[in-house]
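This report refers to the structure that appears directly beneath it.
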Amino acid sequence: MILLRDIIGHDDIIKNLRGALVSERVSHAYLFSGPRGVGKITAAMAFAAALKCQRPVEGDGCGECDGCRRVFRDLHPDVSVINPEGSSVKISQIRQLSASVQMGPATGRWTVRIVDGADLMTVEAANSMLKTLEEPLPGVIIILVSARPQALLPTIISRCQHMYFRPLLKYQLVQGMIRIAGVPEEEVLMAASLAGGSLGKALSLLSGGISARDRAYEVIRRLNGTVEEVLALAGETAGKREDVLVLLEMIIVWFRDVMLYNETDGRHLINWDRGNETEGLAGCFTTGRIVEIINDIERAKGALAASANVQIALEALFLRLAGKDPDVVRLEEVF
């Protein structure tokens, strides 16, 4: 159970939310935006618990009353989370949300509805949500959670109190992993370095033993094959969309390190414990080529985030990365 006071980072946001509760100036609609895994949904649930707490403590939940416990067990009738069905949030889900709040709360003052992945609302769902926001009901609080707020209707954003959750700093990631995972600091430093400010990603990397980093290196190493071999590599790599996105980010980390190695002689590497591999890759790619590669990967990530077919996207990307560009040294010269 994570209460508002337990959330790492985002101090200004937490202060704002707790202040709104103390002053009873809670907005009817919020937009929590920011990168994946930085604590948006955690903050939304903690805020909901504080709203339904029977013994609130300075604008926060007590964590012990029936209201708090039921929120965190997903059992409170006045709090619910709407998740995408498949690849989108559908109009039927938003209509059900709107209908469910008409009768008011079962207990206390507030009814809370959280829409996770709000940027995945269909056009019809977004228009339905806009109507709901334009006609707010007393005591109803809607929290939209989004990693891509630019995909939301501007009219929806304008009707919400927008709070941007920034990527966490490395020391905050370390603090969070130690608190949540209960492992020594030396075991979390690498995951914190690779996570790009996302606590969720850092925890995933920690539990996976940084295996994504090793898979990313293997992908780079095998990009020198024939067309058939590169297509086979894409097929082997294709899997869950989220896992593939993490893998692509790890590939970017490797190429970033190669660029740093070329420009700074190995200072400030993220993969500081893999110097031999980084040195080997540094002999294969020029800085200009690395910039092109990173841009290609970022475009592929954007396509995947927009629901492109995973295997087709990887096939196109890997074939491009394996192109016979004259300034790319053949990898077999190193491996």
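With the working numbering, the residue at position 146 of the sequence shown is 150, and numbering never jumps. Where is the CB? At the ideal position from N, CA and C, for every residue including glycine. As the structure is a computational prediction, the values presented were derived from the model and not from experiment.
Use the C-beta contact count for L173: other C-beta atoms within 10 angstroms, 16 or more gives buried, fewer gives exposed.
-> exposed
Check whether F322 and I297 have beta carbons under 7 angstroms apart = no
Reduced DSSP secondary structure (H/G/I, E/B, other) of L321 = helix
Along the alpha helix (DSSP H) that carries Q176, what are the first and last residues, could you check?
-> 174-185
Pair within 7 angstroms by beta-carbon distance, T291 and M254 = no
Kindly indicate which three-state DSSP category G213 falls into: helix, strand or coil?
-> Only weak support is given to the placement of G213: the predicted model assigns it a pLDDT of 49, under 50, and the question is left unresolved by the model.
What does DSSP give as the partner residues of F51 in its beta bridges?
-> Bridge partners of F51: none, in fact.
Taking the beta strand (DSSP E) that I146 falls in, what are its first and last residues?
-> 144-150
Which residues share a DSSP beta bridge with T115?
-> V144
Contacting residues, own chain, Cβ-Cβ under 8 angstroms from L210 (five flanking each side not counted) = M181, A185, V187, E191, V192, A195
CA-CA distance, V250 and M107?
-> 42 angstroms
Beta-carbon proximity of V3 to A54, cut-off 7 angstroms = The shown model of the chain, from 5 to 339, leaves out residue 3, and the question about it has no answer.
Quick one, are the C-beta atoms of G7 and R22 less than 7 angstroms apart?
-> Checking the displayed sequence, the identity of residue 7 turns out to be Leu instead of Gly. Contact flag unset, no.
From K44 to F169, what does the alpha carbon distance come to, in whole angstroms?
-> 7 angstroms
Secondary structure of L134, DSSP reduced to three states | helix
Under 7 angstroms between the Cβ atoms of V85 and D123?
-> no
For D300, I'd like the list of residues in its chain whose CB is within less than 7 angstroms of its CB, leaving aside the five on either flank, ordered along the chain.
-> L321, R324, L325
CA-to-CA distance, S197 to E139, given in whole angstroms = 45 angstroms
Note the first and the last residue of the continuous beta strand (DSSP E) segment covering A122.
-> It is not in any beta strand (DSSP E) - A122 carries neither H nor E in the DSSP assignment.
Host beta strand (DSSP E) of V250 (start-end) = Here V250 belongs to no beta strand (DSSP E); instead the alpha helix (DSSP H) covers 245-268.
Presumed contact (8 angstroms Cβ cut-off) between G143 and T115, rounded CB distance = 6 angstroms
Work out the CA separation of I160 and E128 for me, nearest whole Å.
-> 13 angstroms
If you drop the 5 nearest sequence neighbours on each side, which residues of the same chain put their C-beta closer than 7 angstroms to that of P109?
-> D82, T115, G143
Roughly how many whole angstroms lie between the Cα atoms of Q176 and G306?
-> 27 angstroms
On the three-state DSSP scale, how would you describe S202?
-> coil
Can you list, in chain order, the residues of its chain whose CB lies under 6 angstroms from that of K205, leaving out five sequence neighbours each side?
-> G41, A199
Since I believe C164 is in contact with A48 (beta carbons under 8 angstroms), could you give me their beta-carbon distance rounded to a whole number of angstroms?
-> Not quite, the Cβ-Cβ distance comes to about 13 angstroms (not below 8 angstroms), so this is no contact.
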